[in-house]
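Visitor:
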Amino acid sequence: MDSKLKRKVVAVAVVMVLLVIATVFGANYIKNGNSFLPMEEAETAVADATEMVDTTDSVAGKNRVSQTMSGAVTGTDNSNPSSNGADSGNYNPHQNTNGANAGNANLNQSTNEANAGTKNFYVEHGLDPTKDPYAYRKDKDFFDPVAEEQDPGKELTLLVSSVEKDLRVNVIDGLGRLVSGQDFSIKVKDSKGRSHNYKDGDKDGSVYIAPVEPGDYELSLKGADGYVLTDASDVKISVKEQLDYTIIDDISFLIKSEDEIDAKAEDTAVNEAEQDSDGTESNQRLDDEDALFGIDVSKWNKKIDWQAVADSGVDFAIIRCGYRGSSTGALVEDPYFKKNIEGAEAAGIKVGIYFFTQAVNPVEAVEEASMALALSKQYELALPIFIDTEGAGGNGRADGLDVETRTAVCDAFCKTIENAGFNSGIYASKHWLEHNLTMDDLSDYTVWLAQYSKKATYEGEYALWQYTSAGTVDGIETRVDLNMCYMDY
Numbered sequence: 243m244d245s246k247l248k249r250k251v252v253a254v255a256v257v258m259v260l261l262v263i264a265t266v267f268g269a270n271y272i273k274n275g276n277s278f279l280p281m282e283e284a285e286t287a288v289a290d291a292t293e294m295v296d297t298t299d300s301v302a303g304k305n306r307v308s309q310t311m312s313g314a315v316t317g318t319d320n321s322n323p324s325s326n327g328a329d330s331g332n333y334n335p336h337q338n339t340n341g342a343n344a345g346n347a348n349l350n351q352s353t354n355e356a357n358a359g360t361k362n363f364y365v366e367h368g369l370d371p372t373k374d375p376y377a378y379r380k381d382k383d384f385f386d387p388v389a390e391e392q393d394p395g396k397e398l399t400l401l402v403s404s405v406e407k408d409l410r411v412n413v414i415d416g417l418g419r420l421v422s423g424q425d426f427s428i429k430v431k432d433s434k435g436r437s438h439n440y441k442d443g444d445k446d447g448s449v450y451i452a453p454v455e456p457g458d459y460e461l462s463l464k465g466a467d468g469y470v471l472t473d474a475s476d477v478k479i480s481v482k483e484q485l486d487y488t489i490i491d492d493i494s495f496l497i498k499s500e501d502e503i504d505a506k507a508e509d510t511a512v513n514e515a516e517q518d519s520d521g522t523e524s525n526q527r528l529d530d531e532d533a534l535f536g537i538d539v540s541k542w543n544k545k546i547d548w549q550a551v552a553d554s555g556v557d558f559a560i561i562r563c564g565y566r567g568s569s570t571g572a573l574v575e576d577p578y579f580k581k582n583i584e585g586a587e588a589a590g591i592k593v594g595i596y597f598f599t600q601a602v603n604p605v606e607a608v609e610e611a612s613m614a615l616a617l618s619k620q621y622e623l624a625l626p627i628f629i630d631t632e633g634a635g636g637n638g639r640a641d642g643l644d645v646e647t648r649t650a651v652c653d654a655f656c657k658t659i660e661n662a663g664f665n666s667g668i669y670a671s672k673h674w675l676e677h678n679l680t681m682d683d684l685s686d687y688t689v690w691l692a693q694y695s696k697k698a699t700y701e702g703e704y705a706l707w708q709y710t711s712a713g714t715v716d717g718i719e720t721r722v723d724l725n726m727c728y729m730d731y
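Note that the numbering used here has the sequence shown beginning at 243, numbered continuously upward.
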């Protein structure tokens, strides 16, 4: 091949390469919405085009060799190789154009596969493809270290209350639980800057401080290593000089279940009315059209079929919500209270509640009333909330109270209930009402008399009469207390 022919071949090859590149760029420009390919894709397209040109030149060379060999065999005159070469050269641009189209098809397929992959990526990770993936660049804090999330169980808060010349402190975590098992102490500073520390000796997360002089105090928590103190861990409070008979907001932290105490030692109420019974009482429903017929129940009556109770003609039920332990003084919820009150309400039976007291002073009576209110606040009470005052077998913590103190306990309980907007009352036996209480001081409250006889002989006023503890009612497998109510609630 002479030099002139070589120059022509080279020129044609260059034109073909440029043509392929222009074709690739143009096709993708149109496909991508008049935007050029990213640099990496463009470079790939050029490399593919170059490879196709090399391949075409190789094929063309083979054709020329074949043509020469064919001429040699047949004796054909090949004296015009330039013409043959030109013809061969004229064929190659078409071949390369087809190669470019094939390259475009492959590129389009790759683009479709990439788009499908991108779509699957968005679906897999729950992303919104309409959002700007580079928005983070506008957030100057995007690369800042993320603050470590605090365990709420390690966040501590003090809940403090005062009833009368006292302070009750509960250490609560971020989940609303008392924090027990820790060597906490409470620092109490008065308005003169004097400080005293009070240790949580039994490590139950609750500290009771009494007596405390009335005034303003600041309280803080000590010994909280490993915990985070919130802003509410430093508390200011005024200690009250006298009772104001209002509900204690944080009383729920003092309420225990029977799983936490020795129920046999704590729940020891003795029915005084049974001891005074004259043996003439009826264990059936009394025939009195002017009164409502009802029952009172507690855990001792076990599981109750409340619909059967309602179908038997029971109008009302007074349900024990809890008791104060006769030994330790713990506040304990009756394990059947929730089931009983919800079952009675669902059956359409009017309800009231009672609490067995072992309070030894008015402050504890306010605690008991607060507990009764806290447990019953979500229910519709038609009848009063009663304080059940009776003995605990002679060994109860309140069995030795004098008349004045016991009367003050009942008064404090009932005042707290009344101040919360509920009706209150006192349950006691005839003997208890006559000998252990000054009823003239309690005349503002409903009286629920317990006297087991054919006829009530108590000379004071009463609105309800419990006339037997040996009644039978459909839906209750045990013996049950029967009552008559002479007020229309």
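Backbone N, C-alpha and C define an ideal beta-carbon position, used for all residues, glycine too.
Pull up the CB-CB distance for Thr632 and Leu573, whole angstroms please, since I reckon it's below 8 Å.
Guide: The sequence shown places Glu at residue 632, not Thr. Not really, about 18 Å apart at Cβ, beyond 8 Å.
Visitor: Quick one: Cα of Asp682 to Cα of Glu646, how far?
Guide: In a straight line, the C-alpha of Asp682 is about 12 Å away from that of Glu646.
Visitor: Which ranges does the beta strand (DSSP E) cover as unbroken runs of at least 3 residues, wholly within the stretch 373 to 459, from first to last along the chain?
Guide: 397 to 403, 409 to 415, 427 to 432, 437 to 441 and 448 to 451, all fully within the stretch 373 to 459.
Visitor: Could you have a look at Ser612 and say whether DSSP puts it in helix, strand or coil?
Guide: Helix.
Visitor: I'd like to know whether the C-beta atoms of Val481 and Leu461 end up nearer to each other than 8 Å.
Guide: In this structure, Leu461 does not lie closer than 8 Å to Val481 by Cβ.
Visitor: Taking contact to mean 3 or more Cβ pairs, one atom from each stretch, closer than 8 Å, check whether the stretch 373 to 380 and the stretch 441 to 458 are in contact.
Guide: No contact exists between the stretch 373 to 380 and the stretch 441 to 458.
Visitor: Which value, in whole angstroms, describes the spacing of the CA atoms of Gly594 and Ala559?
Guide: Going by the C-alpha atoms only, they are around 6 Å apart.
Visitor: Rounded to whole angstroms, what's the CA-CA distance from Ile561 to Asp686? Just pull it up for me.
Guide: Cα to Cα, the separation comes out at about 22 Å.
Visitor: Specify the secondary structure class of Asp290 as computed by DSSP and reduced to three states.
Guide: Residue confidence for Asp290 is low, a pLDDT of 46 falling below 50, so the modelled location carries little weight; the figure read from the coordinates is stated next. In this structure, Asp290 counts as helix in the three-state DSSP scheme.
Visitor: Which value, in whole angstroms, describes the spacing of the CA atoms of Ala550 and Leu534?
Guide: Straight-line Cα distance between these residues: approximately 18 Å.
Visitor: Is the stretch 645 to 659 in contact with the stretch 513 to 528, if contact means three or more CB pairs nearer than 8 Å?
Guide: Flag = no, the stretch 645 to 659 and the stretch 513 to 528 do not touch.
Visitor: Is Leu260 helix, strand or coil when you go by DSSP?
Guide: Here Leu260 sits in helix by DSSP.
Visitor: Please name the residue or residues paired with Leu461 in a DSSP beta bridge.
Guide: Paired residue(s): Val430 and Val477.
Visitor: Among Arg436, Asp415, Ile414 and Lys441, which residue has its Cα nearest to the Cα of Ser427?
Guide: Answer by Cα proximity: Lys441.
Visitor: Just mark Gln620 as buried or exposed, buried being the case when its beta carbon has 16 or more other beta carbons within 10 Å.
Guide: That one is exposed.
Visitor: Would DSSP call Gly585 helix, strand or coil?
Guide: In the structure shown, Gly585 sits in a helix (DSSP, three-state: H, G or I).
Visitor: With a 10 Å radius around its C-beta and 16 neighbouring C-beta atoms as the bar for buried, classify Ile729 as buried or exposed.
Guide: Strictly speaking, residue 729 in this sequence is Met, with Ile absent from that position. Result: exposed.
Visitor: Mapping the DSSP letters down to three states, classify Thr318 as helix, strand or coil.
Guide: For Thr318, the pLDDT reaches just 40, beneath the cut-off of 50, and the residue's location in the model is therefore unreliable, leaving the point undetermined.
Visitor: Whole angstroms is fine: what's the gap from Ala616's alpha carbon to Asp381's?
Guide: Taking the straight line joining both Cα atoms gives about 49 Å.
Visitor: From the DSSP secondary-structure annotation, give me the bridge partner or partners of Cys727.
Guide: Cys727 pairs with Leu534 and Leu706.
Visitor: For the structure I just gave you, are there three or more beta carbon pairs, one from the stretch 600 to 607 and one from the stretch 624 to 644, closer than 8 Å?
Guide: Contact holds: three or more Cβ-Cβ distances are below 8 Å.
Visitor: In terms of residues, what are the limits of the alpha helix (DSSP H) holding Ala552?
Guide: Note, Ala552: alpha helix (DSSP H), Trp548 to Asp553.
Visitor: Give the secondary structure of Glu701 by DSSP, where H, G and I count as helix, E and B as strand, and everything else as coil.
Guide: Reduced to three states, the DSSP call for Glu701 is coil.
Visitor: Let me know if Thr699 comes out buried or exposed under the rule of 16 or more other beta-carbons within 10 Å of its beta-carbon.
Guide: Thr699 should be labelled exposed.
Visitor: If you count every other CB in all the chains shown that lies within 10 Å of the CB of Glu606, and 16 or more means buried, which is it?
Guide: By the 10 Å Cβ count, Glu606 comes out buried.
Visitor: Does the Cβ of Lys657 have 16 or more other Cβ atoms within 10 Å, making it buried, or fewer, making it exposed?
Guide: By the 10 Å Cβ count, Lys657 comes out buried.
Visitor: Please report how far the alpha carbon of Gly702 lies from the alpha carbon of Gln693, in whole angstroms.
Guide: The straight-line gap from Cα to Cα measures roughly 13 Å.
Visitor: If contacts are defined as beta-carbon pairs under 8 Å, then Ala225 and Ile489 qualify, I think. What distance do you get, rounded to the angstrom?
Guide: Because the chain spans 243 through 731 in this model, residue 225 falls outside it and cannot be assessed.
Visitor: Is the Cβ of Ala650 closer than 8 Å to any Cβ of chain B?
Guide: Reference to chain B is not applicable here, since this structure consists of a single protein chain.
Visitor: Which stretch, first to last residue, makes up the beta strand (DSSP E) that contains Ala559?
Guide: It spans Phe558 to Arg566 - the beta strand (DSSP E) in which Ala559 sits, taken as one unbroken run.
Visitor: Could you give the distance in angstroms between the alpha-carbon of Gly521 and the alpha-carbon of Gly713?
Guide: Cα-Cα distance, rounded: 14 Å.
Visitor: So what's Phe655 in DSSP terms, helix, strand or just coil?
Guide: Correct three-state label for Phe655: helix.
Visitor: Please report the distance separating the alpha-carbon of Asn678 from that of Val405.
Guide: Each residue's Cα considered, the two are about 26 Å apart.
Visitor: For the stretch 633 to 698, which segments carrying the alpha helix (DSSP H) assignment without a break, of at least 4 residues, lie completely within its bounds, in sequence order?
Guide: Qualifying alpha helix (DSSP H) stretches, in chain order: 645 to 661 and 672 to 677.
Visitor: Quick one: what does DSSP say Ala712 is sitting in, helix, strand or coil?
Guide: Correct three-state label for Ala712: strand.
Visitor: Helix, strand or coil: which one does DSSP assign to Asp630?
Guide: Three-state DSSP puts Asp630 in a strand.
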